[in-house]
Amino acid sequence: MPDTNKTLKQENSLLIRAYVAANLIIFWALSTGTKLTEAFKTAEPSIDKIIESGTISLLICIFTVVICGQLSSDFKYILIFRRLKHTLPGHRAFSHYMQNDPRINQANLCYKFGDIPSDPIEQNRLWYKIYKKREEDKIVNDTHKNFLLLRELTGLSFLFLFVLGCSSLLVFSDHKTSLFYILALLTLFLCSSQAAQNYGTRLVTNVLAIESVAEE
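Once you know that position 39 of the sequence shown is 22 in our numbering, the rest is easy, because the numbers rise by one and skip nothing.
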């Protein structure tokens, strides 16, 4: 069986590269005073050439991987779930999420797995065990794919907020433009992290809901 996590990351790679490119184009447009519509029209022929050039595409792919690798997965989870300890929703899979999702048949889960753990680490381990049984389910697979995508976009948005946001104060000619740009980056980061949090929570509850009604 192929590594599902790796496969999903590969499926998301094009969208992640497009996100990086769009942010860089917007920064370049604002720093040079170019209208955004003109900037994207100017960039379009270059993008076509990049797609045709395997070498340039490879370099951009490497650049994106390097950028995404600046933040660890653990730090991204802190950004998404806003917790310093027991960050993942799997740590509260049974004590919180199972109790609040009407789709989940709690009695069936207790029958299948006996005493449900209350310790966060043990909860996450049990949830992951169930997830591995159901990872090929389409609903689980789609939710996991979206979560992985938004996790990377959250990390990138955080980096762009500080790197491009601070750079705008030095590069942009108008500080008012810099302020609005930084606010836009902050909004983008908050929206990305909230979406990632929602998909992460949904992944946990979808796995439990499917397992709770599945016949052995």
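Yeah, the Cβ is synthetic: ideal placement off N, Cα and C, and Gly gets one too.
Please read all numbers here as calculations on a predicted model, not as lab measurements.
Range covered by the alpha helix (DSSP H) that runs through residue i
i: alanine 167; result: 158 to 196
i: asparagine 91; result: 89 to 96
i: phenylalanine 77; result: Per DSSP, phenylalanine 77 belongs to no alpha helix (DSSP H) and is neither H nor E.
i: glycine 138; result: 121 to 154
i: arginine 65; result: Looking at the DSSP string, arginine 65 is not in any alpha helix (DSSP H), and its letter there is neither H nor E.
i: glutamine 106; result: 103 to 117
Residues near residue i by beta carbon distance below 8 Å, same chain, minus five either side
i: glutamine 89; result: Met81, Gln82 and Ser195
i: serine 140; result: Leu168, Leu171, Phe172, Ser175 and Ser176
i: threonine 160; result: Leu13 and Ser151
i: tryptophan 110; result: Gly73, Ala76, Phe77, Val187, Val190 and Leu191
i: valine 123; result: Tyr114, Arg117, Leu186, Asn189, Val190 and Ile193
i: histidine 158; result: Leu152
i: aspartate 57; result: Thr70
Close Cβ partners of residue i (< 6 Å) along its chain, the five nearest in sequence each way excluded
i: phenylalanine 77; result: Ile99 and Gln106
i: threonine -10; result: none
i: arginine 134; result: Lys59 and Ala179
i: isoleucine 113; result: Val190 and Glu194
i: leucine 147; result: Phe10
i: proline 103; result: His69 and His74
i: isoleucine 63; result: Thr137, Ser176, Ala179 and Gln180
i: leucine 92; result: Ser195
Residue of the options minimising C-alpha distance to residue i
i: alanine 12; options: Phe155, Arg185, Leu(-2) and Ile113; result: Phe155
i: valine 187; options: Cys149, Asp125, Lys(-8) and Tyr2; result: Asp125
i: arginine 108; options: Phe130, Gly16, Arg75 and Ile87; result: Arg75
i: threonine 15; options: His79, Leu153 and Ala192; result: Leu153
i: lysine 116; options: Ile8, Ile(-1), Glu198 and Ser(-4); result: Glu198
i: histidine 127; options: Leu142, Asn181 and Arg86; result: Asn181
i: cysteine 51; options: Phe64, Ser(-4) and Cys93; result: Ser(-4)
i: threonine 184; options: Asp84, Ala5, Tyr164 and Tyr94; result: Asp84
7 Å Cβ shell around residue i - same chain, five flanking residues per side excluded
i: tyrosine 60; result: Thr70 and Leu71
i: serine 36; result: Here serine 36 scores only 49 on pLDDT, less than 50, and its place in the model should not be relied on; the value that follows carries that caveat. Excluding sequence neighbours, serine 36 sits near nothing in its chain.
i: tyrosine 2; result: Leu136 and Leu139
i: threonine 47; result: Ile(-1), Arg0 and Val3
i: leucine 144; result: Leu168, Leu169 and Phe172
i: leucine 201; result: Since the first and last residues shown for the chain are -16 and 199, residue 201 lies out of range.
i: serine 101; result: Ser78
Beta carbon proximity, residue i to chain D, threshold 8 Å
i: phenylalanine 10; result: Chain labels in this structure do not include chain D; a single protein chain is all it has.
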